[in-house]
Amino acid sequence: MIGEESLLTGAFQTYDSIDSIDENKRLSFFSELKHLLKGSAPLVVTFTLQYFTALISTVSAGKLGSGELAAYSLGISTFNVAGLAVFQDIVTSLDTLCSQAYGSGNLHGVGLYFQKCSLILLAVMVPLGIFWWNSGAALGWFISDSHLVEMSQTFLRWHIIGVPGLIFFESGKRFLQAQHIFHASTYVLGIVAPINFLLNWLLVWHKGTSIGFIGIPIAISITYWCMSLLLLAYVIYIDGEKCWGGLSRSALAGWNVVLKLAIPGVVMVIAEFIAFEIQIFLAAKFGTESIAAQSIASNLAAFLFQIPFAYSVVMSTRVGHYIGLGDTEGAKFDCKVFSTSAPFVGLLNFSIFYFGRFSLAKIFTSDDKVISIAAWLNILAGINQFADAYNVLGAGILRGQGRQKIGSVLNSIAFYVIAIPLGYVLAFYWDLGLSGLWYGLILGVVFLAVGECIAIYTSDWDEIVAVSQKLHGRV
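Just so it is clear: in the sequence shown, position 225 is 730 by this note's numbering, and no numbers are missing.
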């Protein structure tokens with residue numbers, strides 16, 4: 506794989522390195538911060554629109570009845586764990602490869618990495634698709650309601666139709682983000698969101714055209730394909746085509762370069778995701794009010810997580826560009842921006858949780874007992890979000906460096922060794938209940954944040970740049 510992109514015709518081009526990035530001596534803290542925030546804003550909108558698009562499907566299922574809502578929730582949760590989480594984790598490899606290739610001037614290499622990653626995702630989809638098609642057998646081990654299991658399996662079967670569209674959209678976003686085109690997905694989702702609403706109205710809500718429960722996965726599938734096709738249209742007709750060197754047979758080989766980053770990426774991202782799922786499972790032991798409150802806090806945390814995550818995507822791209830350019834001073838400068846801005850990002854999320862702890866809970870329920878429990882959990886979630894800001898932004902820098910392995914090790918220790926076991930002990934042996942689960946999570950995230958900061962500030966930048974230049978054929 507090493508150097509193969511350099512063989513592509515026109516693979517290397519002279520260009521003004523991402524907004525004169527090579528002139529980093531002129532950069533000030535505020536100019537760099539402004540650049541990062543400018544890129545983050547459209548991504549926050551993008552992630553919010555994706556969240557509300559999913560929310561429409563939930564509302565549609567609820568309109569059909571409690572049984573349909575339960576079946577949809579089970580089906581989409583199964584896909585999120587055994588599907589979406591895996592896809593999103595694998596695609597994080599492009600945060601490193603595409604941004605570094607673009608920074609080094611290997612423009613067509615960006616397109617080649619996009620092709621490789623997309624093919625890997627499609628290959629991974631095959632065994633996952635078999636599981637989704639036959640998911641009833643697995644779900645039946647945990648759920649005794651055979652009708653619920655059958656409906657969830659039906660949802661997943663129809664949902665398969667749209668998954669390739671989702672794959673191309675997720676990898677396509679990284680293809681454009683590497684070129685500092687962060688607003689394209691925002692425009693696409695701005696168009697798709699009302700389309701998704703219309704599809705749900707026609708296929709699920711409207712009595713004259715509704716096809717019942719299967720209308721939900723069909724609407725989702727059509728939406729996924731609209732997302733990917735509109736993103737493709739953006740590249741063809743507006744911007745981003747300069748990094749497309751055409752379909753290449755090289756995309757069928759050299760997958761190990763992507764997998765070396767993708768596999769640690771899976772561990773790095775999925776650990777925290779699983780930790781939250783386990784929390785919800787353990788919360789069930791404290792009664793229905795507790796699991797409802799836990800679900801409220803977890804959903805709010807997942808939503809507000811999009812703010813630091815959007816910022817980390819831009820930071821990952823920026824650091825990757827500097828490394829691809831061989832500019833260690835510029836990359837170090839972004840680390841200074843990280844250490845200064847992380848507490849403000851964390852404080853923003855904490856403030857939203859703390860000052861809105863009651864009003865946010867009331868959005869989900871009118872039960873006074875659930876609101877009371879959720880309000881306290883929102884405070885703990887806010888504390889966790891403050892520490893998590895360092896974790897999320899630090900993970901972005903590690904992805905930009907191509908050091909996902911370090912992140913995967915730290916995540917595994919933080920959640921599997923500290924957060925989950927300690928939370929269990931505090932909750933059930935020290936009788937701290939739900940609070941104990943969150944205390945364990947907070948301590949795990951604090952360890953993770955400290956570990957990532959140490960890894961970043963002890964980086965051998967010259968070695969990181971050397972590895973990048975060797976990878977992209979610019980020795």
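Backbone N, C-alpha and C define an ideal beta-carbon position, used for all residues, glycine too.
Assuming residue i and residue j make a contact with CB atoms under 8 angstroms, what is their CB distance in whole Å?
i: Leu554; j: Gly695; result: 7 angstroms
i: Ser657; j: Ser640; result: 7 angstroms
i: Lys568; j: Val697; result: About 21 angstroms separates the two Cβ atoms, so there is no contact after all.
i: Ala879; j: Ile801; result: 4 angstroms
i: Leu942; j: Ala788; result: 7 angstroms
i: Met820; j: Gly956; result: Not really, about 18 angstroms apart at Cβ, beyond 8 angstroms.
i: Met732; j: Phe674; result: 4 angstroms
i: Val763; j: Ser604; result: In fact, because the Cβ distance is near 14 angstroms, the residues do not count as touching under 8 angstroms.
i: Gly901; j: Cys958; result: With a Cβ gap of about 13 angstroms, Gly901 and Cys958 do not count as contacting.
For the alpha helix (DSSP H) containing residue i, name the first residue and the last one.
i: Lys448; result: With the chain covering 506 to 980 only, the question about residue 448 has no answer from this structure.
i: Phe858; result: 833-860
i: Asn896; result: 873-906
i: Arg662; result: 651-664
i: Lys910; result: 909-917
i: Leu560; result: 534-569
i: Ser598; result: 598-609
i: Ile635; result: 612-638
i: Thr714; result: Here Thr714 belongs to no alpha helix (DSSP H), and DSSP marks it neither H nor E.
i: Thr963; result: No alpha helix (DSSP H) contains Thr963, which DSSP labels as neither H nor E.
i: Lys790; result: Lys790 -> no alpha helix (DSSP H), and no H or E assigned at all.
i: Leu927; result: 925-929
i: Tyr816; result: 811-830
Leaving out the 5 sequence neighbours to the left and right, which residues in its chain are closer than 6 angstroms to residue i when beta-carbon positions are compared?
i: His711; result: none
i: Lys530; result: Interpretation of Lys530 is limited by its pLDDT of 49, a score under 50 that renders its predicted location unreliable; the figure taken from the coordinates is listed afterwards. Within the same chain, Lys530 has no close Cβ partners at all.
i: Phe781; result: Ser803
i: Ala767; result: Ile595, Ser598
i: Ser690; result: Thr551, Lys678
i: Leu976; result: none
i: Val824; result: Ala836, Asp839, Ile902, Gly905
Residues in the same chain with beta-carbon distance under 8 angstroms from residue i, minus the five sequence neighbours each way, listed in chain order, please.
i: Ile633; result: Correcting the residue identity first, residue 633 is Leu in this sequence and not Ile. So the list reads Ala587, Gly588, Val591, once near-sequence residues are dropped.
i: Glu528; result: The pLDDT assigned to Glu528 is 45, lower than 50, so where the model puts this residue is not dependable; a value taken from the coordinates is nonetheless given after this. Excluding sequence neighbours, Glu528 sits near nothing in its chain.
i: Gly945; result: Ile923, Ala924, Ile925, Pro926, Leu927, Gly928, Tyr929, Val930, Leu931, Ala932
i: Gly667; result: Pro722, Ile725, Ser726, Ile727, Thr728, Tyr729, Trp730
i: Leu809; result: Asn854, Ile857, Phe858, Gln890
i: Leu805; result: Phe858, Leu865, Asn883, Ala886
i: Phe636; result: Ala587, Ala643
i: Trp760; result: Lys621, Leu624, Ile625
i: Arg679; result: Val596, Leu599, Asp600, Cys603, Phe619, Cys622
i: Phe584; result: Trp637, Leu661, His664
Are there 16 or more other CB atoms within 10 angstroms of the CB of residue i, so buried, or fewer, so exposed?
i: Tyr988; result: A question about residue 988 goes unanswered here, because the residues of the chain that appear run from 506 up to 980.
i: Tyr827; result: buried
i: Leu548; result: buried
i: Ser623; result: buried
i: Ser973; result: buried
i: Ile911; result: buried
i: Gly570; result: exposed
i: Asp873; result: exposed
i: Glu968; result: exposed
i: Lys621; result: buried
i: Arg754; result: exposed
i: Gly751; result: exposed
i: Pro769; result: buried
i: Phe860; result: exposed
i: Gly717; result: exposed
i: Tyr962; result: exposed
i: Thr822; result: buried
i: Val631; result: exposed
Output needed for residue i: all residues of its chain with C-beta closer than 7 angstroms, excluding positions within five of it in sequence on either side, in chain order.
i: Gly713; result: none
i: Glu655; result: Gly641
So, does the CB of residue i fall closer than 8 angstroms to a CB anywhere in chain C?
i: Glu537; result: Among the chains of the structure shown, chain C does not appear; only one protein chain is present.
(Q) Taking 8 angstroms as the cut-off, does the region 584-591 touch the region 717-735 (at least 3 CB pairs, one atom from each stretch)? (A) The region 717-735 is not in contact with the region 584-591.
Q. Do the region 601-620 and the region 775-791 meet, that is, are 3 or more Cβ pairs less than 8 angstroms apart?
A. Too few Cβ pairs lie closer than 8 angstroms, so no.
Q. Taking contact to mean at least 3 C-beta pairs separated by less than 8 angstroms, is the region 807-820 in contact with the region 536-551?
A. With the rule of 3 Cβ pairs closer than 8 angstroms, the region 807-820 counts as touching the region 536-551.
(Q) Contact between the region 672-688 and the region 742-750 is defined here as three or more beta-carbon pairs at a separation below 8 angstroms; is this criterion met? (A) In short, these stretches touch, since the Cβ pair count reaches three.
Q) Touch check for the region 946-966 and the region 826-846: three-plus C-beta pairs under 8 angstroms? A) Three or more pairs of CB atoms, one per stretch, sit closer than 8 angstroms, so the region 946-966 contacts the region 826-846.
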